[in-house]
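Asks:
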Amino acid sequence: MTKKQLNIGLVGYGFMGRTHSNAFLQAGRFFDLPFQPVLKAVCARNPERVQAFANNWGYESAETDWRKLIERDDIDLIDIASPNDTHAEIAIAAAQAGKMVMCEKPLGRTAEEARTMVEAVEEAKVPNAVWYNYRRVPAVTMLKQMLDDGRFGRIFHYRAKFLQDWTISQDLPQGGEGLWRLDVSVAGSGVTGDLLAHNIDTAMWLNGPITEVVAMTETFIKERKHNLTGEVQAVGIDDASSFLCRFANGSLAMFEATRYARGHKALYTLEINGEHCSAFWDLHDLHRLQYFDHRDESIVRGWRNVHITDGDQPYMKHWWVPGLQIGYEHTFTHQFADFVTAVGEGKPCPPTFRDGLATDLVCDAVLKSAQTRQWEAVGEA
Ligand code: SOE
């Protein structure tokens with residue numbers, strides 16, 4: 018029997034447009050989905066380049082105006098992979114047109130913006146999700162299962178960081194394609210919304226809500242030439258952002274993100290310490306979970322280095338044979354496969370827009386605390 022189609026309209030063809038397109042192509046090949054994903058159209062402003070992207074990835078058509086994409090009757094799902102300042106307008110229009118919506122992180126540039134997006138998808142009752150892909154690294158998903166099983170007992174500490182080094186040069190301009198992450202009017206914030214948001218999303222998924230934060234941020238390079246105006250302009254983003262916080266479950270945490278950690282390209286690590294167990298995970302070694310269980314027999318007690326490639330570990334039965342690894346791109350495939358499966362079952366697929374709002378609320382509290390130099394409460398999603 019041929020499956021009903023799920024017709025996708027992608028907005029944006031940068032790095033994230035590629036990760037999402039790859040997921041759309043792979044998900045139905047490796048997972049038994051209730052619908053057949055179809056790459057119906059891709060939309061971006063430059064007509065030649067959007068057509069070239071469509072040809073390369075197999076999109077049936079190309080558009081240059083996202084409003085026209087949303088008006089099309091043959092599109093079921095709008096996927097937003099364009100810069101942060103476009104998320105809200107596109108998502109709200111898509112929801113109002115009755116389309117399912119998936120959106121790159123962070124959901125909004127601010128929690129206020131994110132809330133308008135939540136209201137739109139919830140009012141329209143359309144399936145929605147935010148691409149916080151790191152939840153779907155098999156080792157991270159397995160850690161979630163182990164925590165939910167209660168193995169760790171009471172949780173005392175959580176620790177996470179995300180370090181990069183690509184903005185250290187004073188000569189790097191801000192703004193425009195590829196560099197909009199440095200332009201605060203487009204991005205909303207710097208590493209807080211771009212990197213810490215990943216840490217926060219995973220942390221709240223694993224360990225529950227964050228209730229209050231105290232933070233510090235720094236902008237190391239205060240002025241950069243703007244690619245669009247050609248003028249040297251003040252830099253409004255945070256280059257580094259660190260915070261302490263409390264979770265609702267009583268545990269304490271430390272988070273740190275920067276783009277000024279020479280030698281680190283995408284060093285996302287997390288650690289959780291509970292009454293019985295601890296675990297540590299590192300994106301640069303993403304298929305491994307370091308795990309310690311104090312209840313092990315004392316003479317052999319120690320850190321286990323678990324290689325997550327076996328069929329009974331999350332997602333792995335869909336891939337190769339035990340022992341063979343998968344990578345970064347698979348996290349997007351997992352998220353899309355889960356999303357399509359949930360649509361088939363009429364269930365939400367976390368992280369939903371409301372979960373994305375919860376992360377934006379923590380980001381807002383972090384940025385506020387860095388200004389006030391006080392503890393700040395996190396608002397309710
Ligand atoms: C920034 O360099 C970036 O590409 C983020 O925008 C992504 O969300 C992160 O996964 C990798 O780093």
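The sequence shown begins at 18 in our numbering and counts up one residue at a time. Glycine is no exception: its CB is placed at the ideal position from the N, C-alpha and C atoms. No experiment lies behind these values; they were computed from the predicted model shown.
With DSSP run on the structure shown, which of helix, strand or coil describes V338?
Replies: As a position in the sequence shown, residue 338 is number 321, starting the count at 1. Of the three classes helix, strand and coil, the one that applies to V338 here is coil, per DSSP.
Asks: Would you say the beta carbon of D182 is closer than 6 Å to some non-hydrogen atom of the ligand NAD?
Replies: This structure lacks the ligand NAD; the ligands present are the ligand SOE.
Asks: Here's a check: name, in chain order, each residue in its chain whose Cβ is nearer than 7 Å to the Cβ of A156, leaving out the five neighbours to either side.
Replies: Residue mapping note: residue 156 aligns to position 139 of the sequence shown, counting from 1. Here the set comprises W298, L303, H304, R305, L306, I325.
Asks: Please confirm whether D96 and V203 have their CB atoms less than 7 Å apart.
Replies: Here residue 96 corresponds to residue number 79 of the sequence shown, with the count starting at 1. Here residue 203 corresponds to residue number 186 of the sequence shown, with the count starting at 1. No, the Cβ-Cβ distance between D96 and V203 is not below 7 Å.
Asks: Leaving aside the five residues before and after D355 along the sequence, list all residues of the same chain whose C-beta is less than 8 Å from its C-beta, in chain order.
Replies: Mapped onto the sequence shown, residue 355 falls at position 338. Only R153, C366 meet the Cβ criterion.
Asks: Over the uninterrupted beta strand (DSSP E) stretch that includes E288, give me the two end residues.
Replies: On the sequence shown, position 271 is the one that residue 288 refers to. Per DSSP, the unbroken beta strand (DSSP E) holding E288 starts and ends at 284 to 291.
Asks: Between S315 and Y76, what straight-line distance do the alpha-carbon atoms span, to the nearest angstrom?
Replies: For the purposes of this step, residue 315 is taken as residue 298 along the sequence shown, with counting starting at 1. For the purposes of this step, residue 76 is taken as residue 59 along the sequence shown, with counting starting at 1. Taking the straight line joining both Cα atoms gives about 58 Å.
Asks: Less than 7 Å separating the beta-carbons of Y151 and N224?
Replies: Within the sequence shown, the letter at position 134 stands for residue 151. Within the sequence shown, the letter at position 207 stands for residue 224. Against a cut-off of 7 Å, the Cβ pair of N224 and Y151 comes out as no contact.
Asks: Please report the straight-line C-alpha distance between E346 and G45, rounded to a whole angstrom.
Replies: Walking along the sequence shown from the start, residue 346 turns up at place 329. Walking along the sequence shown from the start, residue 45 turns up at place 28. Roughly 15 Å between the two C-alpha positions.
Asks: Could you check if N24 is buried or exposed, using at least 16 other CB atoms within 10 Å of its CB as the buried criterion?
Replies: Locating residue 24 in the sequence shown gives position 7, where the first residue counts as 1. When all chains shown are included, N24 counts as buried.
Asks: Who does I25 pair with in a DSSP beta bridge?
Replies: Stepping through the sequence shown from its first residue, residue 25 is reached at position 8. Answer by DSSP bridge pairing, in chain order: L56, L94.
Asks: Relative to the alpha-carbon of D182, which residue among V357, V379, S78, F237 has its alpha-carbon at the smallest distance?
Replies: Translated into positions along the sequence shown, residue 182 becomes position 165. Nearest of V357, V379, S78, F237 to D182, Cα basis: F237.
Asks: Could you check how far apart the C-beta atoms of C60 and E88 are, in whole angstroms? I think they sit under 8 Å.
Replies: Residue mapping note: residue 60 aligns to position 43 of the sequence shown, counting from 1. Residue mapping note: residue 88 aligns to position 71 of the sequence shown, counting from 1. Going by Cβ atoms, the distance from C60 to E88 rounds to 11 Å, so no, they are not a contact pair.
Asks: Flag D102 as yes when its Cβ comes closer than 6 Å to any non-hydrogen atom of the ligand SOE, and as no otherwise.
Replies: Walking along the sequence shown from the start, residue 102 turns up at place 85. Flag unset: Cβ of D102 not near the ligand SOE.
Asks: Could you tell me the distance, in whole angstroms, from the CA atom of G210 to the CA atom of Q388?
Replies: By one-based count along the sequence shown, residue 210 stands at place 193. By one-based count along the sequence shown, residue 388 stands at place 371. Looking at the two C-alpha atoms, the distance is approximately 16 Å.
Asks: From S41 to V317, what does the alpha carbon distance come to, in whole angstroms?
Replies: Here residue 41 corresponds to residue number 24 of the sequence shown, with the count starting at 1. Here residue 317 corresponds to residue number 300 of the sequence shown, with the count starting at 1. The question names Ser, but residue 41 is Phe in the sequence shown. Each residue's Cα considered, the two are about 45 Å apart.
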